[in-house]
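Right, one structure below, let's go through it.
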Amino acid sequence: MERTEIKTLLPEELAAEFKAMGLPAFRAKQVFRWIHRQAASFAEMTDLPLALREALEQKYRFTSPKVLRKQVSSDGTVKYLWELWDGNSVESVVMRYAHGNTVCISSQVGCRQGCAFCASTIGGKIRDLSSGELLDQVLFSQKDSGVKINNIVLMGIGEPLDNFENVTKFLQLVNHQDGIQIGMRHISLSTCGIVEKIDKLRELDLQLTLSVSLHAPDDETRQKIMPINRRYNVDELLAACDRYFAATGRRISFEYAMIDGVNDTQMHAELLGRRLAHTGSHVNLIPLNEVEESPLKPSKPDNLKRFVGILKEYGVNVTIRRKLGGDIDASCGQLRRKRERQTGVTG
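Everything in the sequence shown is counted per my numbering, starting at 28 for the first residue and increasing by one.
Here is the structure:
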């Protein structure tokens, strides 16, 4: 029988399981707090009787990712390649800002969305990460880096809304008062635009920041670089975003990778400006990170500057993402792909 992964359980769920084992409720709180204090095993939970620790070891799987590779940038950004319990690997990135430290985490091993500019999707999706494995990336990034994590971005390998149940359970875990208590307003979730899942997320009213990977304002361009647009076109996606904003009051952030000659023309800027004018949304322009397997190149500086100017003329809130960790393959999926090429190991 496969053991339950203990880090996927909330305190009340742990208490119910422990009660069935004849254990008092306070033991559940002890275990949950040890987990969120970055314990690497049951053996570290020294205020639990040895016999209980051994019993828990037999009943539950306790995940503890191993650092396969760690790269530290000259700007202080730290990139991790984690080995999971089954030999698969994912990436996390710790970034330092004036407003606090942010960890960007992965939600899946691989990705099936097929975006042309992203290294994460090469090789497709292998499996979803559990809520506990999502939590591990926050806990162990904090433990290894030695910096307190203030903010979480679900923008690493994988599509978070394609792993909806585990991602929303993770949000409960990381927000819990007995855990590390990272508030929803300090969490951003990025999606390529799975419309029915955006609507489902809206119904939860979690007050997190929704980031939408738009990358083009028209169907013709978007379908060339994002296969998801064949299922949900731009109009459908923007309508879902309007519904999300109306229900939650939370401003949408649109991610837009600037790709030379593909989506960075004056026509694209003007159409994007018209579509987003007066919506109160925010556009985050991202200088494209080059991927070895892709022919796509980043926009030229003059095109980027012109694009910003046009959006501002339409009254759109726009920023250019500060590029961190450029010397350590910090964009999602690249370190994992490098490992695959060097070792022949996929996942």
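Where is the CB? At the ideal position from N, CA and C, for every residue including glycine.
Just so we're clear, the structure is a prediction, and the values are computed from it rather than from any experiment.
In this structure Gly185 does not touch Thr90 by the C-beta definition: roughly 17 Å separates them, more than the 8 Å allowed. Nearest in C-alpha terms to Val117, of all of Ser168, Ala47 and Gly173, is Ser168.
Lys46 and Glu40 have their C-alpha atoms some 10 Å from each other. With respect to the C-alpha of Asn190, the residue from Leu228, Ile207, Ala67 and Met211 having the closest C-alpha is Leu228. Around the beta-carbon of Gln293, fewer than 16 other beta-carbon atoms lie within 10 Å, marking it exposed.
Comparing C-alpha distances from Ala273 to each of Ile337, Asp226, Lys339 and Leu181 shows the shortest one belongs to Asp226. For Asp269, the secondary structure class from DSSP, reduced to helix, strand or coil, is helix.
Annotation for Ser133: no alpha helix (DSSP H) segment contains it, and DSSP assigns it neither H nor E. Beta-bridge annotation (DSSP): Thr346 is paired with Asn311. Contact between Leu331 and Leu312 holds, with the beta-carbon distance rounding to 7 Å and staying under 8 Å. Between Leu315 and Lys324, the beta carbon gap of about 7 Å places them in contact (Cβ cut-off 8 Å).
Judged by their CB atoms, Val58 and Met48 are not nearer to each other than the 8 Å cut-off. Taking 8 Å as the cut-off, the beta carbon of Ser133 is found closer than this to the beta carbon of Gly183. For Gln57, there is no enclosing beta strand (DSSP E); the enclosing alpha helix (DSSP H) covers residues Ala52 to His63. Within the stretch 277-309, the complete beta strand (DSSP E) segments of 3 residues or longer fall at 280-285, listed in chain order. The Cβ atoms of Phe144 and Val318 lie closer than 8 Å to each other. 8 Å or more divides the Cβ of Leu95 from the Cβ of His203. Here Val289 is not near Val310, since their CB atoms are 8 Å or more apart.
In the three-state DSSP reduction, Asp329 falls in the helix class (H, G or I).
Lys175 sits in coil when the DSSP states are folded into three classes, being neither helix nor strand.
Per DSSP, reduced to three states, the secondary structure at Glu192 is helical. By a beta-carbon distance limit of 8 Å, His295 contacts Ala243. Their separation comes to about 7 Å. Taking C-alpha positions only, Ala42 is separated from Phe197 by approximately 18 Å.
DSSP places Arg249 in no beta strand (DSSP E) but in the uninterrupted alpha helix (DSSP H) bounded by Asp246 to Ile252. When rounded, the separation of the alpha-carbon atoms in His126 and Ser157 is 29 Å. Apart from the 5 residues on each side of it in sequence, Gln65 sits with its Cβ closer than 6 Å to the Cβ of Leu166 and Lys170 in its chain, given in chain order. Note that the C-beta distance between Gln234 and Thr275 is below 8 Å. About 6 Å separates the beta carbons of Ser119 and Cys131, which is inside the 8 Å limit, making them a contact pair. In the structure shown, the three-state DSSP call for Asp163 is helix. Bridge pairing for Gln98: Lys106 [DSSP].
Comparing alpha carbon positions, the residue from Arg30, Arg154 and His63 closest to Asp205 is His63. Arg80: member of the alpha helix (DSSP H) spanning Leu77 to Lys86, first to last residue. Linking Pro187 to Leu216 through their CA atoms gives a straight-line distance of about 7 Å. Remark: C-beta atoms of Asn193 and Leu161 approach each other more closely than 8 Å. For Asn128, the secondary structure class from DSSP, reduced to helix, strand or coil, is strand.
Residue state for Val180 is assigned as strand, using DSSP reduced to three classes.
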